[in-house]
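At position 54 of the sequence shown the residue is numbered 119 (the numbering used here), and the sequence of numbers has no breaks. Yeah, the Cβ is synthetic: ideal placement off N, Cα and C, and Gly gets one too.
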Amino acid sequence: MAVQRMDNVGIVVDDMDAAVAFFEELGMELEGRSQVEGLFADQCTGLDGVRCDIAMLRTPDGHGRLELSEYHNPTAISDGPRERPHNVLGTHRVMFAVDDLGDTVARLRPHGGELVGEIARFEDSYLLCYLRGPAGVIVGLAEELRPGA
Numbered sequence: 066m067a068v069q070r071m072d073n074v075g076i077v078v079d080d081m082d083a084a085v086a087f088f089e090e091l092g093m094e095l096e097g098r099s100q101v102e103g104l105f106a107d108q109c110t111g112l113d114g115v116r117c118d119i120a121m122l123r124t125p126d127g128h129g130r131l132e133l134s135e136y137h138n139p140t141a142i143s144d145g146p147r148e149r150p151h152n153v154l155g156t157h158r159v160m161f162a163v164d165d166l167g168d169t170v171a172r173l174r175p176h177g178g179e180l181v182g183e184i185a186r187f188e189d190s191y192l193l194c195y196l197r198g199p200a201g202v203i204v205g206l207a208e209e210l211r212p213g214a
């Protein structure tokens, strides 16, 4: 049996409202928020006494989804500094295609978005950058360049 689709990417955050605002500013649409707890949550996560808030956001095209989780029990664990470099094993990033990279970065700055490096140009194909988002997650942004840009 083959994979049908990638359903979502999950990110654990410590401030749900701020994280939702960040990704909404990026252009994602909030599908809903809920609290998860009970035996199924414990069984699925391998944790005891799970109680967390979740928010599901989707990309405007409807094909990509992001699930944010804020754990109240057990308390979320920080495995080190949030400002880890991009090449640390297990570090993840989420990449989004945007139509105006400079404008997107400017809109995310008031929501805590900080460039990891700088905006870079890959040949005549893309403008790319990584920035830190909620809970230190690295968010990649890519703007496809049109011929002659």
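Three-state secondary structure (DSSP) of residue i
i      : result
Gln28  : Any property of residue 28 remains undetermined from this structure, which presents the chain solely from 66 to 214.
Val202 : coil
Gly178 : coil
Val68  : coil
Ala185 : strand
Ala162 : strand
Extent of the continuous beta strand (DSSP E) to which residue i belongs
i      : result
Met75  : The sequence given here has Gly at residue 75, not Met. Val74 to Val77 is the extent of the beta strand (DSSP E) around Gly75.
Glu90  : No beta strand (DSSP E) contains Glu90, which is instead part of the alpha helix (DSSP H) from Met81 to Leu91.
Asp118 : Arg116 to Arg123
Leu210 : Looking at the DSSP string, Leu210 is not in any beta strand (DSSP E), and its letter there is neither H nor E.
Val153 : Run containing Val153: none; DSSP gives neither H nor E here.
Ser99  : Glu94 to Glu102
His137 : Arg130 to Asn138
Exposure label - residue i; buried when at least 16 CB within 10 Å
i      : result
Met71  : exposed
Ile142 : exposed
Val204 : buried
Thr140 : exposed
Leu206 : buried
Phe87  : buried
Leu166 : buried
Gly178 : buried
CB contact flag (residue i, residue j, <8 Å)
i      : j      : result
Gly182 : Glu132 : no
Leu180 : Cys194 : yes
Glu208 : Val163 : yes
Glu135 : Asp79  : yes
Does the stretch 67-77 come within contact of the stretch 96-109, defined as at least 3 CB pairs closer than 8 Å? no
Inter-stretch contact at 8 Å, needing at least 3 Cβ pairs: the stretch 195-206 / the stretch 79-90: yes
Is it a yes or a no for the stretch 167-182 touching the stretch 117-134, going by three-plus beta-carbon pairs under 8 Å? no
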